[in-house]
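Undergrad:
Residue numbers (the numbering used here): 54 to 589.
#1: Tell me where the alpha helix (DSSP H) around residue 330 begins and ends.
#2: Quick check on residue 114: buried or exposed, where buried means 16 or more other Cβ atoms within 10 Å of its Cβ?
#3: Which word fits residue 224, buried or exposed, when buried means at least 16 other C-beta atoms lie within 10 angstroms of its C-beta?
#4: In the DSSP output, which residue or residues are listed as bridge partners for residue 536?
#5: Output yes or no for whether 8 Å exceeds the beta carbon distance between residue 556 and residue 467.
#6: Give me the Cα-Cα distance between residue 584 and residue 254, rounded to the nearest whole angstrom.
#7: Look up residue 487 in the DSSP assignment and give the residues it is bridged to.
#8: Among the residues of its own chain, which have a CB less than 7 Å from the CB of residue 272, if the five just before and after it don't count?
#9: How about residue 378 and residue 391: do their beta carbons lie closer than 8 Å?
#10: Throw me the rounded Cβ distance for the residue 344 and residue 409 pair, which I believe falls under 8 Å.
#11: Output needed for residue 120: all residues of its chain with C-beta closer than 7 Å, excluding positions within five of it in sequence on either side, in chain order.
#12: Can the beta-carbon of residue 417 be found less than 8 Å from the beta-carbon of residue 220?
#13: Assuming residue 143 contacts residue 245 under a Cβ cut-off of 8 Å, what Cβ separation, rounded to an integer in Å, is found between them?
#14: With distances taken between CB atoms, is the gap from residue 431 to residue 443 smaller than 8 Å?
#15: Taking 6 Å as the limit between beta carbons, can you name the residues of its chain near residue 357, skipping five residues before and five after?
#16: If you scan the region 205-279 from start to end, which runs of the beta strand (DSSP E) of 3 or more residues do you find wholly inside it?
#17: Does the beta-carbon distance from residue 490 to residue 512 come in below 8 Å?
#18: Can you check whether the CB of residue 169 is closer than 8 Å to the CB of residue 201?
#19: In chain order, what residues of the same chain have a beta carbon less than 7 Å from the beta carbon of residue 299, not counting five sequence neighbours either side?
#20: What distance in whole Å lies between the Cβ atoms of residue 98 and residue 197, which are believed to be in contact at a cut-off of 8 Å?
#21: Using CA atoms only, rank isn't needed, just tell me which of 140, 112 and 187 is closest to residue 422.
#22: For residue 359, which residues from the same chain have a beta carbon less than 7 Å from its beta carbon, with the 5 sequence-adjacent residues on both sides left out?
#23: Do the CB positions of residue 367 and residue 334 come within less than 8 Å of each other?
#24: With H, G and I counted as helix, E and B as strand and the rest as coil, what does DSSP make of residue 352?
#25: Nearest CA to the CA of residue 342: which residue from 548, 208 and 116?
#26: For a minimum of 4 consecutive residues, which ranges assigned as the alpha helix (DSSP H) are wholly contained in the region 118-200?
#27: Which class does residue 569 belong to by DSSP, given the choice of helix, strand or coil?
#28: Please determine, among 286, 515, 437 and 110, the residue with the shortest C-alpha to C-alpha distance to residue 234.
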């Protein structure tokens, strides 16, 4: 077996020491008790992950993006994989899986979100297999424990969106790469590597059909593997096989790659904020602490806590990277755990300088290399104080994230159920209902059972703004017609009762347009979680 050394470690000039025996080379009789113990521990961690991901899965209602998913999957599958790919910027695989899943388990919060929960639960045994392959059973178990407790994993397990699938497909591709880079017995070498390429290709194709940033992930992973092959002086035939596998991946994913290229300037993604240092800091916070933010501590308290979390997350990410560089001695593990995610972040940053694509939630799969890096540090030969530092930082991030998940209200998930109890939309008479630009009318339509029997409108503060696919679908599904600020003012001045539903995003981004409406002093304000209702 070829042994890789750490890139900073000098190569020996004297006769090399006898190679260490890998864990899987130990006779079965010696490994069976350990494997049984590890199996029980993995089962316990998977059970823990299941409890954390299924608990309160339906506590919050669907938010805008989830509502879009629930209406988008009403289209036939042939539409999703043809014309739909040119309208919706997210590829169709998750929508197809969600359509099939909800047909069996229901289209409510539990039924729809349980697909994401199952994917997130499945990440625990997957990262154990990956960690065991790269560093042994101890690394696998610690990584599985960290991922089971990961706040960002738990958060996206509660969303009927594609993000929980991303770590699954990334790990499948990584497991395939590990097989491909292995040095098994010569008799089984060719078949072993081909099986690795098939697994890598399956994960890569699935990833490309799941999210629009997947080309950057696959490009970073491909570059990392080529670097590893060259570094280990692999035969030219092995390099050619890897290049051929990537060509097959590109051919199989050609339809979605063409659709992505055609939508590069789509208005559907025009909302993404410009890239800056704050983008990387927020990505770090999402990754280490999670997306939830406490809003129950007052403005000052919430702001102080937010910046504390950002500093803690950034410090944790830096410490993990620095310590892992000196701890991971296997060069294959070094490349896949550190070089691969670093190349992705560099590529995404470079592209985002011209066209923003790096938003925090696409980095959910980075929790995989982060957990592996921490596992290598905590089980490695680093000094005890350094292990305590890394463990303490990880524990602080996870602890704060879990508390936030439990206590922080999901401000971006409007409580449509409570709102519609007080403002029924199925009455034939009553005020004109107007949904804000960003909150949209889908929540009213979905939670009223599509039984909206009075006029419904969708506010368009900027009439010359190009509608997104979400806007068009929202209006088509709910029957809402666009209404401008001037038309709202005219309706109010004509004496017509009107109710305007706004999210926090609407209140912030449309502040100038709101100032053009009649004075709030004449309105009846109702406030629900994630929503403000202005009534004239």
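Here a beta-carbon is modelled for each residue, glycine too, at the ideal position from N, C-alpha and C.
Remember, predicted model here, so these are calculated numbers, not experimental data.
TA: Let me lay it out:
#1: Indexing the chain shown from 1 puts residue 330 at position 277. Element bounds for residue 330: 330-341.
#2: Sequence index remark: in the chain shown, residue 114 carries index 61 (1-based). Buried, since its Cβ has 16 or more Cβ neighbours within 10 Å.
#3: As a first step, residue 224 must be located in the chain shown, where it is residue number 171. When all chains shown are included, residue 224 counts as buried.
#4: For this step, residue 536 is matched to residue 483 along the chain shown. In the DSSP output, where bridge partners are listed per residue, residue 536 has 512.
#5: Start at 1 with the first residue of the chain shown, and residue 556 comes out as number 503. Start at 1 with the first residue of the chain shown, and residue 467 comes out as number 414. In this structure, residue 467 lies closer than 8 Å to residue 556 by Cβ.
#6: In the chain shown, the residue the question calls residue 584 occupies position 531. In the chain shown, the residue the question calls residue 254 occupies position 201. If you take the alpha carbons of residue 584 and residue 254, they lie about 44 Å apart.
#7: Stepping through the chain shown from its first residue, residue 487 is reached at position 434. DSSP lists 510 and 553 as partners of residue 487.
#8: As a working mapping, residue 272 is identified with position 219 in the chain shown. Correct list, in chain order: 400.
#9: One-based indexing of the chain shown puts residue 378 at position 325. One-based indexing of the chain shown puts residue 391 at position 338. Their beta carbons are under 8 Å apart, which means residue 378 touches residue 391 by this criterion.
#10: Residue mapping note: residue 344 aligns to position 291 of the chain shown, counting from 1. Residue mapping note: residue 409 aligns to position 356 of the chain shown, counting from 1. At roughly 18 Å, the Cβ-Cβ gap does not stay under 8 Å, so residue 344 and residue 409 are not in contact.
#11: Counted from its first residue, the chain shown places residue 120 at position 67. For residue 120, where only same-chain residues beyond five positions count, the Cβ hits under 7 Å are 495, 496 and 499.
#12: Indexing the chain shown from 1 puts residue 417 at position 364. Indexing the chain shown from 1 puts residue 220 at position 167. Closer than 8 Å, so yes.
#13: The count along the chain shown starts at 1 and reaches residue 143 at position 90. The count along the chain shown starts at 1 and reaches residue 245 at position 192. Rounded, the Cβ-Cβ distance is 35 Å, inconsistent with contact.
#14: For the purposes of this step, residue 431 is taken as the residue at position 378 of the chain shown. For the purposes of this step, residue 443 is taken as the residue at position 390 of the chain shown. In contact: residue 431 and residue 443 (Cβ atoms closer than 8 Å).
#15: Taking the chain shown and counting its residues from 1, the one referred to as residue 357 is at position 304. Contacts found: none.
#16: none
#17: The sequence position of residue 490 within the chain shown is 437, counting from 1. The sequence position of residue 512 within the chain shown is 459, counting from 1. The answer is yes: Cβ separation under 8 Å.
#18: Position 148 of the chain shown holds residue 201. Position 116 of the chain shown holds residue 169. Taking 8 Å as the Cβ cut-off, residue 201 and residue 169 do not qualify as a contacting pair.
#19: Reading the chain shown from its first residue, position 246 is the one you call residue 299. Correct list, in chain order: 275.
#20: Here residue 197 refers to the residue found at position 144 of the chain shown. Here residue 98 refers to the residue found at position 45 of the chain shown. Going by Cβ atoms, the distance from residue 197 to residue 98 rounds to 5 Å, so yes, they are a contact pair.
#21: Looking up residue 422 in the chain shown gives position 369. Nearest option by C-alpha distance: 187.
#22: Indexing the chain shown from 1 puts residue 359 at position 306. Excluding residues within five positions, the ones whose Cβ falls inside 7 Å are 346.
#23: Locating residue 367 in the chain shown gives position 314, where the first residue counts as 1. Locating residue 334 in the chain shown gives position 281, where the first residue counts as 1. Cβ atoms of residue 367 and residue 334: closer than 8 Å.
#24: Translated into positions along the chain shown, residue 352 becomes position 299. Of the three classes helix, strand and coil, the one that applies to residue 352 here is helix, per DSSP.
#25: Sequence index remark: in the chain shown, residue 342 carries index 289 (1-based). Residue 342 has its Cα closest to that of 208, out of 548, 208 and 116.
#26: 130-133, 146-158 and 162-188
#27: Position 516 of the chain shown, counting from 1, holds the residue named residue 569. Coil.
#28: Locating residue 234 in the chain shown gives position 181, counting from the first residue. Answer by Cα proximity: 286.
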